[in-house]
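J.: Protein chains in written order, with the numbering used here: chain A, 4 to 117; chain B, 12 to 126. Structure incoming, see below.
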């Protein structure tokens, strides 16, 4: 079985500051990991995914995440926050075999302060 | 860029009534999914669908739920006799292939409110 834990339901950063959203996973099989973003009144948009190639994954809007097997982590970072980054961010995991469903974390709401 | 579209955006229904939530997946996608998110909780998997049959379903997807692909474009979720606890945001998703490394593309969701 797979699961993810997102540390911090709400993170607040100043504009221009580093964004760090934490995700730890648990998986009995090699995982595929995803970050999705949800802007107000919109659906889930894929930011980036890890599928066992490079451990440092670059996504859209300047976000990246690093897969660390030893720490069972897949934290999301962005060097400099922009006001438009304010949204809900979800980490999700799938087992690496077959058509398994996405298992989501509870989400982290990112606020960006001017 | 092609999108998954869901209608309606908001549905208000009396408890005990039937509702049908509609989704139009991306046109060349073959795998379809429903998820739901109760306010303040995680996004949870309900069901996956491929080749006109359910591939997998969660414990949440009990006998009151059903899915259908009535034509070549729509994918529907029916809740037969709604309960207060069915109030949630329901997301449809689709993917081109079923491999786990393939991303699922989500619609904007339908907010279902049961009174």
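Virtual Cβ for every residue (Gly too), placed ideally from N, Cα, C.
1. Quick check on the burial criterion: 16 or more other C-beta atoms within 10 angstroms. Buried or exposed for residue 25 of chain B?
2. Using the Cα positions of residue 67 of chain A and residue 51 of chain A, report the straight-line distance between them to the nearest angstrom.
3. Would you decide whether residue 36 of chain B is buried or exposed? Buried here means 16 or more other CB atoms lie within 10 Å of its CB.
4. Using 10 angstroms around the beta-carbon of residue 56 of chain A, count the other beta-carbons present and answer buried if the total reaches 16, otherwise exposed.
5. Considering only residues of the segment 22-73 of chain B, which uninterrupted beta strand (DSSP E) runs meet the minimum length of 3 residues and lie entirely inside it, listed in chain order?
6. If the criterion is Cβ atoms closer than 8 Å, does the pair residue 120 of chain B and residue 42 of chain B meet it?
7. Check each candidate in B:77, B:91, B:21, B:52 and name the one with the smallest Cα separation from residue 45 of chain B.
8. Tell me, please, whether the CB atom of residue 129 of chain A is closer than 8 Å to any CB atom in chain B?
9. What does a CB cutoff of less than 6 Å around residue 10 of chain A pick up in its chain, not counting 5 residues either side in sequence?
10. If we count Cβ pairs, one from each stretch, closer than 8 Å, do we get three or more for the segment 66-86 of chain A versus the segment 74-92 of chain B?
T.: Quick answer:
1. For this step, residue 25 of chain B is matched to residue 14 along the second chain. The residue in question, residue 25 of chain B, is exposed, as its Cβ has fewer than 16 Cβ neighbours within 10 Å.
2. Taking the first residue of the first chain as 1, we reach residue 67 of chain A at position 64. Taking the first residue of the first chain as 1, we reach residue 51 of chain A at position 48. In this structure, the alpha-carbon of residue 67 of chain A lies about 7 Å from that of residue 51 of chain A.
3. As a working note, residue 36 of chain B is residue 25 in the second chain. By the neighbour-count rule (16 or more Cβ atoms within 10 Å), residue 36 of chain B is buried.
4. By 1-based counting over the first chain, the position of residue 56 of chain A is 53. With fewer than 16 Cβ atoms within 10 Å of its Cβ, residue 56 of chain A is classed as exposed.
5. 30-35, 42-48, 54-61, 64-68
6. Within the second chain, residue 120 of chain B is the residue found at index 109, counting from 1. Within the second chain, residue 42 of chain B is the residue found at index 31, counting from 1. Not a contact, by the Cβ cut-off of 8 Å.
7. As a first step, residue 45 of chain B must be located in the second chain, where it is residue number 34. Ranking B:77, B:91, B:21, B:52 by Cα distance to residue 45 of chain B puts B:77 first.
8. In the structure displayed, chain A extends from 4 to 117; residue 129 of chain A sits before or after that span and is not available.
9. Stepping through the first chain from its first residue, residue 10 of chain A is reached at position 7. Once the five neighbours on either side are set aside, the close Cβ partners of residue 10 of chain A are 25.
10. Flag = no, the segment 66-86 of chain A and the segment 74-92 of chain B do not touch.
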